[in-house]
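Q: First the structure, then my questions, so here it is.
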Amino acid sequence: MLRRKITSVFLLYAFLIPTIAFGQTTPPTVYQAPKDVIDKIKEEGSKNSQVMQTLSYLTDVIGARLTGSPAMKRSNEWTRNQMTKWGLQNAKLEAWGPFGRGWTLKNFDAQVVAPYGIPLIAYPKAWSPSTKGAVTSEVIFFDVKTDADFDKYKGKLKDKIVLVSDLRELKIEDKPLSERLTDEQLTKLSNAPDPTAAAPRPQPAAATPEQQQQRIQGFLQGIKRANFLLQEGAAVLVDSSRIGSGGTIFVQGASVAQNIPSDITDFVALRRLILSPQQKEAEAKMLPQMTMATEDYNRLVRMIRQGEKLKMTVDIQAEYNDNDPMSYNTVAEIPGTDPKLKAEVVMLGGHMDSWHAGTGATDNAAGVAVAMEAARIIQSLGLKPRRTIRVALWSGEEQGLFGSAAYVKQHFGELKGGGSQSKPELVKGADYEKLSAYYNLDNGTGKIRGVYLQGNSAVAPLFKAWLEPFKEMGATTTTLSNTGGTDHLSYDRIGLPGFQFIQDEIEYDTRTHHSNQDVFDRIQADDMKQAATIMAAFVYQTAMMDEKIPRKVMQ
Ligand SMILES: [Zn+2]
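Heads up, the sequence shown is in the numbering used here, so the first residue is -15 and it goes up one at a time.
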């Protein structure tokens, strides 16, 4: 999923997405598959599961899958071929973009070499430029708190290795790293109020000019450091992992210096000017940069404060992949069999792209492997769904749900315009009326405990009935609450039923997602099997009922 603690760029991005208000519709007749079908799904999902083999190939063999990289393309092709082998049809790559360039790490070394050798836990940031060979240089702590502090460093950073984060005090870890949802937490979710009844989120343009200016100034303040360090010609930037400890580091994209006039007043114009690291033009605006484990980082800062002169050697060798600016989603189908309903589609999926320090196991090879496995279960049992079932494995999720948003726009529709005076307009695509629902999985390894209804109360009786056979497997809860940060939003945004399952947290926020520990061994096989079984049952029943899943009504 996208980072929950959003950066200023994402905050600006969020302000620019038009939103509409929804009301309720009437519930459909509750359809339930015969018990023997659900039992067969459970049996296939537990006894013949392939979910961990799929997961191992994606994580161990292909590895990190940064959007735009050859590894991402390889995972697109491998999943297409794998689903074809299982008997799914129309398996293919669908292009979206242009996204920008890929980035592949070739070599990395970083250590303190003076006053004596200190090995370090560190990782380059995605899209970081390479260093000019192995660079050995003095380490400087860039301790800037106020505007006046910048002057202290003028002319002193050229070709230096610069520590740019503050010291982060590591408190005692007094909470378990791994947690499952308690009965109390699930009850609270069940009783959550209807979010559609709450006041709609204010529209971006509804902000007063003063508020807009304030936000823009906040953003400009944030990029001031990047601009200064680029100007001063530092050799390498080093930051400290923003969260985590014990050698777990969280690493994302490189920061880019920005050329934005300080008198800019308009969000839309600002957004157009912001350079993302995957853009070719950003290369000249970035310094080589890496993230270091906080224990190591703090020690280096303390040594410098004690008056020690440190030297580090850093060698970052990465290549940009510029052959193809487009990125791809993988899709595959189990064709429907009912002459009247087979043109309609039930979708399931998750995003396949990942960050690069681990192998993107919990974020989100897990969701990909589960969605593929759910389809495999239905296919291998020869269940003959009435509607067409379509698996979609997205890319570009980590940069802003790009792959799913592009797919939804291309097939189903988009919101256009909207501002302080007017609502955005829904422009329906060719298949807007043909989608029944989309089911997403992207909250890590944790098993399914229920479903977020996204304020769609009409669907509650159905989902409650569908969870019933999975009670003893721990899935019981429906909540009207919305959940965000992942690809079901691309559907929900335009009024199509898009759902994310409620999952046990396990170590998602504390240890795995976007970290160097997001690897195969942090995945729990029993949880994966449970999730695939429930997803298969939901998708199958959605494909079998007479009606489509009810939609929220746009107001
Ligand atoms: Zn993520």
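Idealized CB from N, CA, C, for every residue including glycine.
Under the three-state reduction of DSSP, which class applies to L437: helix, strand or coil?
A: The answer is coil: DSSP assigns L437 none of H, G, I, E or B.
Q: May I ask whether a heavy atom of ligand 1 can be found less than 8 Å away from the beta carbon of H472?
A: No, Cβ of H472 sits at least 8 Å from all heavy atoms of ligand 1.
Q: Would you mind stating whether M56 and M356 have Cβ atoms separated by less than 9 Å?
A: Contact flag unset, no.
Q: Is E381 near ligand 1, going by C-beta to nearest heavy atom under 8 Å?
A: E381: yes, Cβ under 8 Å from ligand 1.
Q: Does the stretch 226 to 235 come into contact with the stretch 254 to 261, if we say contact requires no fewer than three beta-carbon pairs (one atom in each stretch) closer than 8 Å?
A: As far as the Cβ criterion goes, the stretch 226 to 235 does not touch the stretch 254 to 261, which means the pair count is below three.
Q: Nearest-angstrom Cα distance between T88 and G380?
A: Going by the C-alpha atoms only, they are around 16 Å apart.
Q: Between the stretch 488 to 501 and the stretch 442 to 449, do at least 3 Cβ pairs fall closer than 8 Å?
A: At 8 Å Cβ cutoff, the stretches do not touch.
Q: Taking all protein chains shown into account, decide if S388 is buried (16 or more other Cβ within 10 angstroms of its Cβ) or exposed.
A: It counts as buried.
Q: With A376 as the anchor, note down where its alpha helix (DSSP H) starts and where it stops.
A: Element bounds for A376: not the alpha helix (DSSP H) but the beta strand (DSSP E), 372 to 378.
Q: Please specify which runs of the alpha helix (DSSP H), each continuous and at least 4 residues long, are wholly inside the stretch 466 to 490, giving them in chain order.
A: Entirely contained in the stretch 466 to 490, the alpha helix (DSSP H) runs reaching 4 residues are, in chain order, 472 to 476.
Q: Here's the rule: buried if 16 or more other CB atoms are within 10 angstroms of the residue's CB, otherwise exposed. What is L213?
A: Buried, by the Cβ-count rule.
Q: Within 9 Å (strictly less), CB to CB, does P369 reach chain D?
A: Among the chains of the structure shown, chain D does not appear; only one protein chain is present.
Q: Please identify the residue among I25, S30, P12, G7 whose C-alpha is closest to the C-alpha of D510.
A: Taking only the C-alpha atoms, the option nearest D510 is S30.
Q: Hey, would you say the C-beta of W339 is under 8 Å away from at least one heavy atom of ligand 1?
A: Flag set: Cβ of W339 near ligand 1.
Q: Can you round the beta-carbon distance between I233 and A302 to whole angstroms, since I take them to be within the 8 Å contact cut?
A: In fact, because the Cβ distance is near 17 Å, the residues do not count as touching under 8 Å.
Q: Would you decide whether K138 is buried or exposed? Buried here means 16 or more other CB atoms lie within 10 Å of its CB.
A: The residue in question, K138, is exposed, as its Cβ has fewer than 16 Cβ neighbours within 10 Å.
Q: Could you check if S246 is buried or exposed, using at least 16 other CB atoms within 10 Å of its CB as the buried criterion?
A: Exposed, because fewer than 16 other Cβ atoms sit within 10 Å of the Cβ of S246.
Q: Please list the terminal residues of the continuous alpha helix (DSSP H) segment that includes P193.
A: First-last of the alpha helix (DSSP H) with P193: 193 to 216.
Q: Report the partner residues of K412 according to the DSSP bridge assignment.
A: According to DSSP, which records beta bridges pairwise, K412 is partnered with G397.
Q: Just to confirm, does M56 get its C-beta within under 8 Å of one of the non-hydrogen atoms of ligand 1?
A: No, ligand 1 has no heavy atom inside 8 Å of this Cβ.
Q: Which residue spans inside the stretch 62 to 89 form an unbroken beta strand (DSSP E) run of at least 3?
A: Listed in chain order, the complete beta strand (DSSP E) runs (minimum 3 residues) inside the stretch 62 to 89 are 73 to 80.
Q: Write down the C-beta distance between L425 and F522 rounded to the nearest angstrom, noting that I regard them as a contact closer than 8 Å.
A: Not confirmed; about 11 Å, so no contact.
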